[in-house]
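Heads up, the thing below is written out as structure tokens.
There are 2 protein chains.
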Amino acid sequence: MCVLGLGLIGGSLMRAAVTAGREAFGYNRSVEGAEAARFDGFSATTDLTEALAWAAEHDALIVLAVPMPAVSLLLGHIKDTAPDCPLTDVISVKGAVLEEVRAAGLLDRYVGGHPMAGTAHSGWRAGDARMFDGAPWVLTVDEHVDATVWAQVMRLALDCSAVVVPAKSDEHDAAAASISHLPHLLAEALAITAGEVPLAFALAAGSFRDATRVAATAPDLVRAMCEANAEQLVPTLDRALELLHHARQSLVGKNSVAELVEAGHAARTRYDSFSRPQIVTIALGEENWREELAAAGRAGAVIRSALRGPDSR
Amino acid sequence: MCVLGLGLIGGSLMRAAVTAGREAFGYNRSVEGAEAARFDGFSATTDLTEALAWAAEHDALIVLAVPMPAVSLLLGHIKDTAPDCPLTDVISVKGAVLEEVRAAGLLDRYVGGHPMAGTAHSGWRAGDARMFDGAPWVLTVDEHVDATVWAQVMRLALDCSAVVVPAKSDEHDAAAASISHLPHLLAEALAITAGEVPLAFALAAGSFRDATRVAATAPDLVRAMCEANAEQLVPTLDRALELLHHARQSLVGKNSVAELVEAGHAARTRYDSFSRPQIVTIALGEENWREELAAAGRAGAVIRSALRGPDSR
Chain A
1 MCVLGLGLIG GSLMRAAVTA GREAFGYNRS VEGAEAARFD GFSATTDLTE ALAWAAEHDA
61 LIVLAVPMPA VSLLLGHIKD TAPDCPLTDV ISVKGAVLEE VRAAGLLDRY VGGHPMAGTA
121 HSGWRAGDAR MFDGAPWVLT VDEHVDATVW AQVMRLALDC SAVVVPAKSD EHDAAAASIS
181 HLPHLLAEAL AITAGEVPLA FALAAGSFRD ATRVAATAPD LVRAMCEANA EQLVPTLDRA
241 LELLHHARQS LVGKNSVAEL VEAGHAARTR YDSFSRPQIV TIALGEENWR EELAAAGRAG
301 AVIRSALRGP DSR
Chain B
1 MCVLGLGLIG GSLMRAAVTA GREAFGYNRS VEGAEAARFD GFSATTDLTE ALAWAAEHDA
61 LIVLAVPMPA VSLLLGHIKD TAPDCPLTDV ISVKGAVLEE VRAAGLLDRY VGGHPMAGTA
121 HSGWRAGDAR MFDGAPWVLT VDEHVDATVW AQVMRLALDC SAVVVPAKSD EHDAAAASIS
181 HLPHLLAEAL AITAGEVPLA FALAAGSFRD ATRVAATAPD LVRAMCEANA EQLVPTLDRA
241 LELLHHARQS LVGKNSVAEL VEAGHAARTR YDSFSRPQIV TIALGEENWR EELAAAGRAG
301 AVIRSALRGP DSR
């Protein structure tokens, strides 16, 4: 495989894939990142053409692991040098990447991916071979996806000890807006609000530290994911604002936040008891396989060991 | 000392104080809590009068460790049975408790307290003798407080391995609104919003779990703290809503959340580098000691070892 971008996620992916016995070659734009990877014993270059030529020669799976704004440029190079390689990505929005891939004419070899893992840190050195252990890793099942490529990306995710969640790109983005992008905006607003109150930082303890943890993420990364998913994030943010406004009115008018607090507790309790049954019977490439996987993923089911597919029949 | 209420905080306090070599007697309304404490080797009763008679006999420090709605009733019994005992509390709002204590005529022996520690669990069994290790423990320095009582409560907090932060009650409440009560409301709204999106719980990982952790707190406890601090919480919530509305408009109009994200990151960075110098030169009971402690606390300073006071002169 060929990993383009050796930051937190791409770097963790290199480590996890090599630990699982895979051959991997990495590209990073900055000399520091590529040198750090080589120092740790990995194959890496700052020469994009070299990396893509290697991928083309080995028919390697190419993984886009760069921030959203860099995707378009990389796709142009892939189209030139390695247009027939299977292609995936680990970017936190799926609709926007899908449109870029479509525009580049690379759709038939592409399956979108998003491992739901990370920390507030960034760069090669922040990576960890065990980053994906037990984490949900979304693979897209939009209408265009090819079963053979899907099987390859599924095996990569499973090799990294993740559990695979099949999902449509737009459904992924709506979910990501509510569980990832909205929490970022709330954490930023909370950090600012507290920072304006004398004594607040002096008293802040574990719960404030947890609640603002993601506000320590590099602003460019937060902007990239939120702004690329604006279409889904705006209605999600509006819903949260509606709930908070309603609670504000209730607190002022009735000195009660009962409605918000009870519904919030109930939702969190449902989350705690959310089960993840295993998908075992769906075979990749069979009739309606994409729709069946999307329905199973929506119901909470995950893939824990490789499904039968085109190569296994 | 006499601890009234053996839930998460009161129960942890019993354990920490006894571990530090103190004699402690506990009261709990429910038989289950008192029996669990006795089973673990502590002295505890469900008979409030027995507990308060013990406190009066030993001139013991009484600690109110019950939810806000139960405070008024307990103060009436204290006034009857143990009116001369030094009195503190561990409740998360300070202005509302102060008013109840004033109304009960017990102000001259009272110093408000609030250890900034806890978990999402509740009850005796959730307690931990190390709950307060390194945690900020606010002691109020409002105009009425007596230096001798203050010294007693300070020594209790230090015995529990906390660091003492002196603060005025109203400044504490404004800070608590921003670092504790607002985070609760945001977590509730986030849990509800995500719970309405198909696939969201299926994809949720560590950051969502952290961001909604406090939504697992029992609704009654969350309501008690938020509703008792409405006066400070409403303007704090309004500020957060203003920031989020502004970000929403910017996201829709300019596809940018730069302003919110950069200010949030800057605030969180300031929090990470917030230092806690030690208060050493202020002596309890000397001229302006309350004002000097309040100013030091506001600047981030804390008490790590007992200050000189009335008993040490």
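The listed protein sequences derive, respectively, from chains A and B. The numbering of the first sequence is the numbering used here, which starts it at 1 and goes up by one. The numbering of the second sequence is the numbering used here, which starts it at 1 and goes up by one. Using N, Cα and C, we set each Cβ at its ideal position, and we do this for glycine too.
Beta carbon of residue i nearer than 8 Å to that of residue j
i	j	result
P219/A	E287/B	no
A202/A	V165/B	yes
S161/A	G134/A	yes
F42/A	M1/A	no
L61/B	L158/B	no
H172/B	T140/B	yes
A104/A	A82/A	no
K79/A	S169/A	no
R213/B	A120/B	yes
V234/A	L199/B	no
D59/A	L98/A	no
Y271/A	A191/B	yes
A240/B	T217/A	no
H265/B	A215/A	yes
F25/A	A53/A	no
DSSP beta-bridge partners of residue i
i	result
W137/B	P115/B and V164/B
D89/B	L64/B
I303/A	V164/A
T45/A	Y27/A
V252/B	V252/B pairs with nothing; no bridge assigned.
L4/A	Y27/A and L64/A
Y271/B	Looking at the DSSP assignment, Y271/B forms no beta bridge with any residue, so it has no partner.
Q278/B	V302/B
Helix, strand or coil at residue i according to DSSP, with G and I counted as helix
i	result
F25/B	strand
L284/B	coil
S72/B	helix
V97/B	helix
Beta-carbon contacts of residue i that lie in its chain and below 8 Å, excluding the five residues immediately before and after
i	result
I282/A	W289, E292, L293, A296 and L307
T236/B	A174, A177, S178, H181 and L182
E31/A	With the sequence shown as reference, residue 31/A is identified as Val, and Glu is not the correct amino acid for it. Answer for V31/A: T46, listed in chain order.
A260/B	Position check: residue 260/B holds Leu in this sequence, whereas Ala was assumed. Contacts found: L243, L244, H246, A247 and S250.
Proximal residues to residue i (C-beta, below 6 Å), its chain only, five neighbours per side dropped
i	result
I9/A	A65 and V90
P86/B	L61, R109, V149 and Q152
T88/B	V63, V111, G113 and V153
A301/A	P277 and I279
W137/A	P115, A157, A162 and V164
G5/A	A65 and V66
A129/B	R15, A16 and T19
Closer than 8 Å at the beta carbon, the chain B residues around residue i
i	result
P183/A	L190, S207, F208 and A211
M116/A	L203, A204 and A205
L322/A	Residue 322/A lies beyond the range of chain A shown here (1 to 313); nothing can be said about it.
S122/A	Near S122/A there are no residues of chain B at all, since even the closest Cβ is about 12 Å away, more than 8 Å.
T193/A	S178, L182, T236, R239, A240 and L243
Sequence-distant residues of its chain with Cβ nearer than 7 Å to residue i (five each side left out)
i	result
A36/B	W124 and R125
G285/B	A147, G309 and P310
L75/B	E100, V101, A104 and L106
S256/B	S250
S122/A	G7, L8, A218 and L221
E196/A	none
S275/A	G300
Interface partners of residue i on chain B, CB under 7 Å
i	result
H198/A	Residue 198/A is actually Pro in this sequence, not His. Correct list: E171 and R298.
V222/A	V261
A316/A	As displayed, chain A neither begins before 1 nor continues past 313, which places residue 316/A out of reach and without an answer.
Within chain A, partners of residue i - CB distance below 9 Å
i	result
P136/B	A202, L203, A204 and A205
Chain A residues whose Cβ lies nearer than 8 Å to that of residue i
i	result
N255/B	E227 and A230
H245/B	L241
A176/B	L203
A215/B	G264, H265, A267 and R268
R248/B	V234, L237, D238 and L241
A258/B	P219 and R223
Proximal chain A residues relative to residue i, where beta-carbon distance stays under 7 Å
i	result
P219/B	V261, E262 and H265
V165/B	A202 and L203
Given a limit of 9 Å on CB to CB distance, which residues of the stretch 266–290 of chain B reach chain D? Going by chain labels, chain D is absent from the structure shown, which instead holds the protein chains A and B.
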